[in-house]
Amino acid sequence: MPVISSNYKRPFYLFSKHIETIHHVFLRNTSDVMYEREQIELPDGDFLHLDWSRKGHDRLVIITHGLEGSANSNYSRGMVRAANLNGCDALAWNMRGCSGVMNRLYRLYHSGETSDLHHVIHHAIDQKRYKKIYLIGFSIGGNITLKYLGEQSNDVHPSIRASVCFSVPCDLKSGAEHFAKRKSKIYMIRFLNSLHKKLKAKQAQYPDKINLEGFHKIKNFHDFDERYTAPMHGFADAEQYWKVCSSKYYLHAVRVPTLLINALNDPFLTPDCYPIKEAEQNSYLFLEMPETGGHCGFYQKNKNKLYWSDLRAMQFINQHM
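68 is the number that the numbering used here gives to position 52 of the sequence shown; each next residue is one higher, with no gaps.
Put into structure tokens, the structure is as follows:
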């Protein structure tokens, strides 16, 4: 499907891509969104925490958060609010170790872990209360969602009717290289500090397996993924991890109507993260590239406290009911 035009325009006072990116983190109020938590067991002996917003609807939106996010991230909670207002129940699931409780196994989550999303989807299907399911992903949650749909391709469960993903680093290698640059330093430091805390908690569980000596020398994702992500999750090295897990290589096989929205001024993305050719060659894949929006930003003021991204996602979902 050819690239589609976008009507998003940022407010004049959000005049920087960085302000757009951090606005929702610090200034968005989603305290009215309430969850019911469920713990599900996984086949490998680990568990996931699912945060539900049930309103008695027969349509369900499943939301996958981004790196070091959770179901409590403002973009997740905002989308839950939008789903409920649009006649859908919502399920925002937490990746392993992201719910506030450390997972059991010697592993965490990573940018291409689709088996956990698969279990979440089928757990929802097994409840036999939802006729239609829609997937929404943010950042690496979008990468996981797109990779999952590509892996499933024609075998995707028929109840999954559409998907919307925002601010997706479709090419993990170029994204990692981009974060290694000086201009991305403030974001890199924030991610590494958060990941360091998570590894400390994991070290308390597995003191003989997690070595944090010299962690301060890690300055980029290559070093982090080479030392921790790859060996903890069965990859030979960072390069293999990035190649195997980048959703860019799975987009050709997506067979569910899917909208990918990546702002052209996203400070996290590189030119390789805008899959124009893939969208032009796949009638199920719609690529929208607003001039502005930052990373998971897309602020828009309205009476329901919804962002433009929330409204756009529900619009696409309603087109594919």
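We put the CB at the ideal spot given by N, CA and C, even for glycine. Remember, it's a predicted structure, so these values are computed and weren't measured experimentally.
Residues near residue i by beta carbon distance below 7 angstroms, same chain, minus five either side
i, result
"residue 271", "169, 170, 172, 300"
"residue 63", "55, 56, 57, 119, 120"
Alpha-carbon to alpha-carbon, residue j and residue i
i, j, result
"residue 222", "residue 250", "17 angstroms"
"residue 123", "residue 229", "18 angstroms"
"residue 247", "residue 192", "17 angstroms"
"residue 113", "residue 105", "24 angstroms"
"residue 40", "residue 67", "20 angstroms"
"residue 144", "residue 130", "22 angstroms"
Residue i versus the options, residue with shortest Cα-Cα distance
i, options, result
"residue 157", "139, 125, 149, 143", "125"
"residue 128", "53, 298, 254", "254"
"residue 308", "82, 323, 292, 282", "282"
"residue 274", "286, 298, 110, 293", "298"
"residue 176", "151, 318, 164", "151"
"residue 334", "52, 30, 43, 149", "149"
"residue 73", "100, 89, 27, 174", "100"
For residue i, three-class secondary structure by DSSP
i, result
"residue 60", "coil"
"residue 3", "Because the chain here runs from 17 to 337, residue 3 falls outside it and cannot be looked at."
"residue 288", "helix"
"residue 42", "helix"
"residue 327", "helix"
"residue 332", "helix"
"residue 308", "coil"
"residue 276", "strand"
"residue 303", "strand"
Cβ neighbours of residue i in the same chain (closer than 6 angstroms, five flanking residues each side left out)
i, result
"residue 98", "322, 326, 330"
"residue 187", "262, 264, 288, 289"
"residue 79", "92, 95, 108, 152"
"residue 218", "226"
Check: residue i C-beta below 7 angstroms from any heavy atom of the ligand NAP
i, result
"residue 322", "Looking for the ligand NAP in the displayed structure turns up nothing, as the structure carries no ligands at all."
Unbroken stretches of the beta strand (DSSP E), 3 residues or longer, contained in the segment 201-240
The qualifying runs do not exist here; there are none.
In the segment 135-199, which residue ranges form an unbroken alpha helix (DSSP H) of at least 4 residues, counting only runs that do not cross its ends?
With a minimum length of 4 residues, the unbroken runs of alpha helix (DSSP H) contained wholly in the segment 135-199 fall at 156-168, 188-195.
Quick check for students: name the residue ranges of the beta strand (DSSP E) that lie wholly in the segment 59-132, counting only runs of 3 or more.
Listed in chain order, they are 63-69, 75-80, 105-110.
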